[in-house]
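At position 371 of the sequence shown (counting the first as 1) the number is 444 in the numbering used here, and the numbers step up by one without a gap. For each residue, glycine too, the CB sits at the ideal point set by N, CA and C.
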Amino acid sequence: MAQTTKTPKVDTKQKSTPKNGEINISKYKTNPPLLVVGDNKVRPNTYKQLGRATSFVSNGDSLYVNTGPHPYQLAVWDYIRKKEPIISDGLDKMVLSVLAKIGSYTHKNKDIRAFVKANLKNKVRTWIENITYTMLWSGKSVSEIIWERRYGKDGTAQLWIKDLINYHTSQVILRLNNYGTLTHGEQVLNSQFNTGVWVPRPILTENNKAYKVDRNCTGSHIRLPKDKLVIASYKDEGNNPHGTPALYAAVDFSLYKEAFKDMYSVALDRYGTPLMYFIVPATQTTEDIEDIDGTVRKKMFREALQEEVQSLSSGSVLILERQGNKDAPEPKVEALTTGNNFGDSFINAMNLMDQNMLHALGIPNLIIRDEGRGLGSGGSSERQLEIFDMAITQIAIKVSQVILEQIVGPLIRYNFSSILVPDADDYGEFGIKPMRYVDYKVMSDSTKVLTDAGVISPITNKKDKMYIRNQLGIPNEEEDE
């Protein structure tokens, strides 16, 4: 009897709806392989996350779970970013550089481009500034979108962005899921509240009595829905939703500088008003004085002199009484403080702290306090600026992606049908512009070379023309301002 070979069962149907009920639509066309039942499967068995990705923070001796910065630590960061000149100026320059990097918004669809630009007009630069600055000094930025209903000329209901409210980091609470990941509205074990970003709830008034304690409201805090949330984290490696501030490594040097400043003030005081000392004979004067116990005696010469120098600065004078033996010093007046100006040592120490703070922020020394040294080395200064430009570019790309995905994306989805409107599933992009004039020249020269070589064609190709104009910061002809 001939042996028959069993043909493996082939499943040609792909499940389009996962167990969680979400349907993720892709605009790309694929030709997936057949799912073979047996040992030769071509799709993963498990789609969900299996491990718990916990973020840790080191205190120098051990690691502990990162639950966000302590309020005391936040207070130190908030104090230093406002008071320390190097950090304050450094953060301002980083934010200004990011603002200079991010160009105008573009989209393939003219109607979408016009609508989004109308929502961003006169607002987006403030949003970029708030998001970038908060993210740099505290590690993360959390903002809430305020939506507004409007109507088009044809009566179509539209959803506009009225404003973007940026929260102070100390007000924000992050609740992670069982896998240590920031999600929105998910139930977790050992907690009666859902995951997500929580902010303070307003005080009860006639207009907001609807708030009730449930899985999305604790009574003091309320969870922001995903469609109202804009969150950005800086250096969020290791599944760290709290981020790491740019000034994190600069804090210690700022505290040292505070101590050196106090020492420097004392050194200047001692140099300008040196500590004087008097050696006087142990003799009595003719003036009577009454002690506390009522005893009347003759005033000592030391006491009379002390009254005479009361007008001098407190602690600036020492009066020593000469003893009667032969080895006692003769009466005299001298300065106890050295005549050398040791303040220069403290200035050098504070300059070192400034340099380390600049290194911590990633800012070249020549940008803030060159003092005529770095600019003389053309090659060195050029390399420093290139590295700084690369760092700023990465921050600008991160912020622009946050705005595209969390602000522009919902705005397009709520106002344009992906079925009826072409390219409605595309969020568009923000151009990343050069910061220096030399970069503009290099880009212009490169454009000419590529055009002459036929690689690009700005004259005949609309996309090439739009891209080049956007990179150079030139408004496109078809954009509706």
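Hey, how far is the Cα of residue i from the Cα of residue j?
| i | j | result |
| --- | --- | --- |
| Gly176 | Gly504 | 4 Å |
| Ile441 | Gln428 | 10 Å |
| Tyr321 | Tyr540 | 37 Å |
| Pro275 | Asn139 | 28 Å |
| Ser128 | Lys196 | 34 Å |
| Gly64 | Val189 | There is simply no residue 64 to check, as the chain begins at 74 and stops at 554 in what is shown. |
| Tyr145 | Lys301 | 29 Å |
| Ser293 | Val245 | 12 Å |
| Arg154 | Ser327 | 10 Å |
| Gly133 | Tyr307 | 22 Å |
| Arg370 | Glu376 | 12 Å |
| Asp151 | Val515 | 40 Å |
| Ser570 | Ser491 | In the structure as shown, the chain starts at 74 and stops at 554, and residue 570 therefore has no counterpart that could be examined. |
| Arg186 | Gly501 | 8 Å |
| Lys156 | Ile436 | 18 Å |
| Asp498 | Leu477 | 12 Å |
| Ser517 | Val528 | 15 Å |
| Tyr337 | Ile159 | 18 Å |
| Gln231 | Ile485 | 10 Å |
| Ala422 | Lys330 | 8 Å |
| Asn543 | Gln467 | 18 Å |
| Leu247 | Val272 | 9 Å |
| Leu545 | Ala173 | 12 Å |
| Glu221 | Asn192 | 11 Å |
| Gln265 | Lys285 | 14 Å |
| Lys372 | Ile362 | 6 Å |
| Glu202 | Gln260 | 34 Å |
| Leu341 | Gly416 | 6 Å |
| Lys521 | Asp537 | 12 Å |
According to DSSP, is residue i part of a helix, a strand, or is it coil?
| i | result |
| --- | --- |
| Phe326 | helix |
| Glu259 | coil |
| Arg222 | strand |
| Arg248 | strand |
| Gln265 | coil |
| Phe489 | coil |
| Leu232 | strand |
| Arg375 | helix |
| Ala305 | strand |
| Asp134 | coil |
| Pro495 | coil |
| His315 | coil |
| Ile175 | strand |
| Gly163 | helix |
| Gln122 | coil |
| Arg154 | helix |
| Val528 | coil |
| Thr242 | helix |
| Pro106 | coil |
| Ile295 | strand |
| Val369 | strand |
| Val272 | strand |
| Ile505 | strand |
| Pro354 | strand |
| Ser300 | Per the sequence shown, the amino acid found at residue 300 is Asp instead of Ser. If DSSP states are grouped into helix, strand and coil, Asp300 belongs with the helices. |
| Leu320 | coil |
| Leu434 | helix |
Using the beta-carbon count (16 or more within 10 Å), is residue i buried or exposed?
| i | result |
| --- | --- |
| Phe333 | buried |
| Gln479 | buried |
| Met208 | buried |
| Ala323 | buried |
| Ser216 | buried |
| Leu555 | This structure gives no information on residue 555, because the portion of the chain shown stretches from 74 to 554. |
| Asn534 | exposed |
| Met463 | exposed |
| Leu136 | exposed |
| Leu297 | buried |
| Leu249 | buried |
| Gly141 | buried |
| Asn488 | buried |
| His143 | exposed |
Which whole-angstrom value is the C-beta distance of residue i and residue j, which I expect to be below 8 Å?
| i | j | result |
| --- | --- | --- |
| Thr242 | Thr256 | No, Thr242 and Thr256 are not in contact; Cβ-Cβ is about 20 Å, not under 8 Å. |
| Val494 | Asn182 | 7 Å |
| Val475 | Ile219 | At roughly 17 Å, the Cβ-Cβ gap does not stay under 8 Å, so Val475 and Ile219 are not in contact. |
| Ala305 | Val472 | 7 Å |
| Asn312 | Ala126 | 4 Å |
| Thr359 | Phe374 | Incorrect: roughly 11 Å between the Cβ atoms, too far for contact. |
| Ile420 | Ser170 | In fact, because the Cβ distance is near 29 Å, the residues do not count as touching under 8 Å. |
Does any residue of chain D bring its CB to less than 8 Å from the CB of residue i?
| i | result |
| --- | --- |
| Asp300 | No chain D appears in this structure, which consists of one protein chain only. |
Would the beta-carbon of residue i be found less than 7 Å away from any heavy atom of the ligand COA?
| i | result |
| --- | --- |
| Ser161 | With respect to the ligand COA, the structure offers nothing, as it holds no ligand at all. |
Checklist entry - What runs of the alpha helix (DSSP H), each 4 residues or longer, lie entirely inside the stretch 462-489? => result 482-488
Item to check | Every unbroken beta strand (DSSP E) inside the stretch 182-226 [3 residues or more] | outcome: 213-224
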